[in-house]
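Just below is one structure, and these are the notes that go with it.
Numbering (our numbering), first residue to last: 24 to 385.
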């Protein structure tokens with residue numbers, strides 16, 4: 024910034040200079056008129072009071088040492104109290120039906136429009152999936168619609184997807200209908216995204232069975248009533264992790280893992296797929312779709328993580344007014360996401376949480 028005239032000269036002054044300047048200022052300011060507007064300054068009782076003494080808080084010594092603060096950061100306290108039902112039990116033998124409920128089940132039909140299904144997906148929240156059934160009388164899921172499917176659909180409509188030869192005609196027809204505003208049934212688009220097959224488990228199955236699927240890359244499991252295909256809940260990776268965190272005190276085997284370092288537990292990978300923040304947003308969406316990713320790290324030219332874009336963020340692109348964002352950079356899109364979160368939640372958000380190999384599992 025260019026300094027104002029004379030600001031490049033020395034700014035050093037003496038106490039005598041300051042006193043003379045103050046006296047000149049007092050003489051140059053005319054007294055306020057009793058008829059001046061409401062913006063004029065009037066003396067008040069507070070003006071005649073002496074300044075407050077310094078707060079004793081500024082002179083206090085910290086009640087926690089730096090080591091203690093770091094210990095709290097490494098071992099945060101769960102927000103909720105453990106559920107007494109699980110005290111003393113082997114977490115692996117807990118039935119998955121104990122963790123889910125019908126409130127997480129949201130059905131649409133195969134002939135439901137993509138627009139309607141998208142609205143249900145966005146407004147429903149966790150577990151961020153809509154189950155698809157053949158008709159309104161059925162309680163059996165024949166498929167799912169999530170943000171990965173929505174991302175794949177948007178890429179097709181925008182003409183950015185690269186279909187196999189046998190799918191070119193299908194992609195072209197979907198893109199044409201999407202651009203013309205023609206209603207598209209959900210059954211026509213659920214096969215566009217690259218995702219794991221639909222997995223169902225009976226509610227009596229234990230968490231060990233669910234964990235085997237999660238370890239293989241499955242993000243969620245459809246839980247069905249014993250001996251039927253009637254859906255009673257949805258178990259996601261996040262729900263399971265949240266359960267183990269909040270009830271860790273009930274399971275000594277799990278609780279002993281929390282203070283251990285990530286590098287000692289050999290958690291993490293060096294093969295990370297990321298995108299530069301200067302790249303167009305469409306490249307990030309395409310990369311997530313083709314690689315089957317649910318999120319993507321955004322880095323600067325020094326490979327420092329500056330944010331994160333997930334398939335869930337596609338919900339910010341469903342309105343016509345948001346289409347210009349597709350031509351913006353990944354960095355700009357992150358700033359828009361954070362601004363909208365601040366507007367919705369009334370508080371600031373950070374771009375992404377990150378940990379180091381020396382961080383604890385907690």
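Backbone N, C-alpha and C define an ideal beta-carbon position, used for all residues, glycine too.
Alpha carbon to alpha carbon, how far is residue 133 from residue 382? Near 45 Å, if we compare the C-alpha coordinates of residue 382 and residue 133.
So, using beta-carbon positions, are residue 165 and residue 156 closer together than 8 Å? yes
Supposed contact pair residue 115 and residue 229 - C-beta distance, whole angstroms, cut 8 Å: 6 Å
Are the segment 226 to 243 and the segment 177 to 195 in contact at 8 Å, needing three or more beta carbon pairs? no
Minimum length 3: unbroken beta strand (DSSP E) runs contained in the segment 184 to 239: 223 to 225
Check the DSSP bridge columns for residue 333 and list the partner residues they point to. 318
Please report the residue range of the beta strand (DSSP E) in which residue 285 lies. That residue, residue 285, is in no beta strand (DSSP E); its alpha helix (DSSP H) goes 285 to 288.
Run the CB neighbour count on residue 380, radius 10 Å, all protein chains shown included, and call it buried at 16 or more, exposed below. exposed
Whose C-alpha, out of 326, 299 and 257, is nearest the C-alpha of residue 129? 257
Would you mind reading off the limits of the alpha helix (DSSP H) that contains residue 266? 260 to 269
I want to know whether the segment 327 to 336 touches the segment 248 to 266 - three or more CB-CB distances under 8 Å. Verdict: no, contact absent.
Looking at the structure shown, is residue 38 part of a helix, part of a strand, or coil, going by DSSP? With a pLDDT of only 46 at residue 38, under 50, the local geometry of the prediction cannot be trusted, and no value is derived from it.
Give the secondary structure of residue 292 by DSSP, where H, G and I count as helix, E and B as strand, and everything else as coil. coil
Let's see if you can read the secondary structure: which residues bound the beta strand (DSSP E) around residue 171? Run containing residue 171: none in the beta strand (DSSP E); it sits in the alpha helix (DSSP H), 170 to 180.
If you drop the 5 nearest sequence neighbours on each side, which residues of the same chain put their C-beta closer than 6 Å to that of residue 312? 174, 175 and 178
Count the other CB atoms within 10 Å of the CB of residue 187; is the residue buried (16 or more) or exposed (fewer)? Flag for residue 187 reads exposed.
Roughly how many angstroms lie between the CA atoms of residue 326 and residue 299, to the nearest whole one? 8 Å
For residue 181 versus residue 349, is the C-beta spacing smaller than 8 Å? yes
Excluding the 5 residues flanking residue 123 on each side, which residues of the same chain have their C-beta closer than 6 Å to its C-beta? 246, 256 and 258
Determine the direct distance from the alpha carbon of residue 225 to that of residue 147, and round the result to whole angstroms. 24 Å
Pick out whichever of 283, 252, 138 and 321 has its Cα sitting closest to the Cα of residue 205. 138
Let's see if you can read the secondary structure: which residues bound the alpha helix (DSSP H) around residue 138? Where residue 138 is concerned, the enclosing alpha helix (DSSP H) stretches over 137 to 147.
Can you tell me whether residue 158 is buried or exposed, with buried defined as 16 or more other CB within 10 angstroms of its CB? exposed
By how many angstroms is the C-alpha of residue 119 removed from the C-alpha of residue 126? 15 Å
Coil, strand or helix - residue 382 by DSSP: coil
I'd like the span of the beta strand (DSSP E) that includes residue 153, first residue to last. From DSSP, the beta strand (DSSP E) with residue 153 extends over 152 to 156.
Determine the DSSP secondary structure at residue 108, reduced to helix, strand or coil. helix
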